[in-house]
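J.: One structure coming up, written as structure tokens, with questions to follow.
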Amino acid sequence: MAVSSAYGIADLAADLRRIADETQDDGEIVRRVGPLVERLARNSEDWISQEYYRCDRDQGFGVHLLHEEPNHDLAIFAVAWLPGRGTPPHDHGTWAVVAGVDGDETNINWKRLDDGTTPGYAELEEVNRVIARPGQVMAFLPRDIHAVWNDTDRITLSLHVYGRHLNHSDRSQFDPKTRREERFLVKVE
Ligand SMILES: [Fe+2]
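Residues in the sequence shown are numbered consecutively from 29, following our numbering.
Shown next as structure tokens:
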């Protein structure tokens, strides 16, 4: 008898709960979560929906919540990106594991140069740019800073998993030119 090997969002959520119960070490969490997110990203036919491609024109991307715990921990999102749009540099205030699902996305990594003691002020320097392809996984610790950009000519989609829902974590967006740091909230569908 054939046994289904489909691994879906509910399976990932159950694995996230187990991992979060077993360790509070962010580095260990992202190492263990990475292969699970990659599995979902490479088998998107098991969970993807056309509505996840919907984007918010003002924001430049569409954030679709697929799972969170009742206290807003362990959040899973599908994020769709309009061509030529993206995010400002930002951190997450929690661990993050992101995998490409459909299309190539440009990931820009930034380094913070100041000591973070002046409220609302941050000096940033670009470190590198990486093209994140479908099935490729990237992991971020809570204060890592990156930006995402869709340099292609069609909507791209990626799968984002966080220790906490991003509008409930203490995190920032940055303007490298003006050196301003401010709260980063996103519109979630
Ligand atoms: Fe991010």
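Just so it is clear, CB atoms sit at the ideal spot from N, CA and C, and this is done for glycine as well.
Please name the residue or residues paired with Trp-177 in a DSSP beta bridge.
T.: Locating residue 177 in the sequence shown gives position 149, where the first residue counts as 1. Bridge partners of Trp-177: Gly-114 and Thr-134.
J.: When you compare the CB positions of Val-61 and Val-129, do they come within less than 8 Å of one another, or not?
T.: Residue numbering aside, residue 61 sits at position 33 when the sequence shown is read from its first letter. Residue numbering aside, residue 129 sits at position 101 when the sequence shown is read from its first letter. The answer is no: Cβ separation not under 8 Å.
J.: May I ask you to check if the CB of His-196 is nearer than 7 Å to at least one heavy atom of ligand 3?
T.: Of the ligands this structure carries, namely ligand 1, none is ligand 3.
J.: Count the other CB atoms, across all protein chains shown, that sit within 10 Å of the CB of Val-155; report buried if there are 16 or more and exposed otherwise.
T.: Your numbering for residue 155 matches position 127 in the sequence shown. By the 10 Å Cβ count, Val-155 comes out exposed.
J.: With distances taken from CA atoms, which of Asp-101, Arg-67, His-92 and Glu-151 is nearest Asp-49?
T.: For this step, residue 49 is matched to residue 21 along the sequence shown. Comparing Cα positions, the closest option is Asp-101.
J.: On the DSSP letters alone, give me the boundaries of the alpha helix (DSSP H) that Arg-59 sits inside.
T.: As a position in the sequence shown, residue 59 is number 31, starting the count at 1. Residues 54 to 70.
J.: Let me know the secondary structure DSSP gives Asp-101 once reduced to three states.
T.: Position 73 of the sequence shown, counting from 1, holds the residue named residue 101. Note: Asp-101 maps to strand in three-state DSSP.
J.: Any contact of the segment 82 to 95 with the segment 136 to 156, i.e. 3+ C-beta pairs under 8 Å?
T.: With the cut-off at 8 Å, the segment 82 to 95 and the segment 136 to 156 do not touch.
J.: In this structure, what does DSSP give as the bridge partners for Thr-184?
T.: Taking the first residue of the sequence shown as position 1, residue 184 is located at position 156. Note: Thr-184 sits in a beta bridge opposite Trp-109.
J.: Identify whether Asp-203 lies in helix, strand or coil by the three-state DSSP scheme.
T.: Sequence index remark: in the sequence shown, residue 203 carries index 175 (1-based). Strand.
J.: Out of Leu-44, Leu-110 and Asn-99, which has the shortest C-alpha to C-alpha gap to Val-91?
T.: Numbered from its first residue, the sequence shown carries residue 91 at position 63. When only C-alpha atoms are compared, the closest one is Leu-110.
J.: Which residues mark the beginning and the end of the beta strand (DSSP E) in which Ala-160 is found?
T.: Counting from 1 along the sequence shown, the entry for residue 160 is found at position 132. Where Ala-160 is concerned, the enclosing beta strand (DSSP E) stretches over 152 to 160.
J.: Taking the continuous alpha helix (DSSP H) assigned at Arg-45, which residues delimit it?
T.: For the purposes of this step, residue 45 is taken as the residue at position 17 of the sequence shown. It spans 37 to 50 - the alpha helix (DSSP H) in which Arg-45 sits, taken as one unbroken run.
J.: Short of 8 Å in beta carbon distance, which residues of its chain neighbour Arg-157, apart from the five on each side in sequence? Order them along the chain.
T.: On the sequence shown, position 129 is the one that residue 157 refers to. Cβ neighbours of Arg-157 beyond the five flanking positions: Thr-134, Asn-135, Ile-136 and Asn-137.
J.: When DSSP builds the beta bridges, which residues end up paired with Arg-211?
T.: Here residue 211 corresponds to residue number 183 of the sequence shown, with the count starting at 1. According to DSSP, which records beta bridges pairwise, Arg-211 is partnered with Ser-200.
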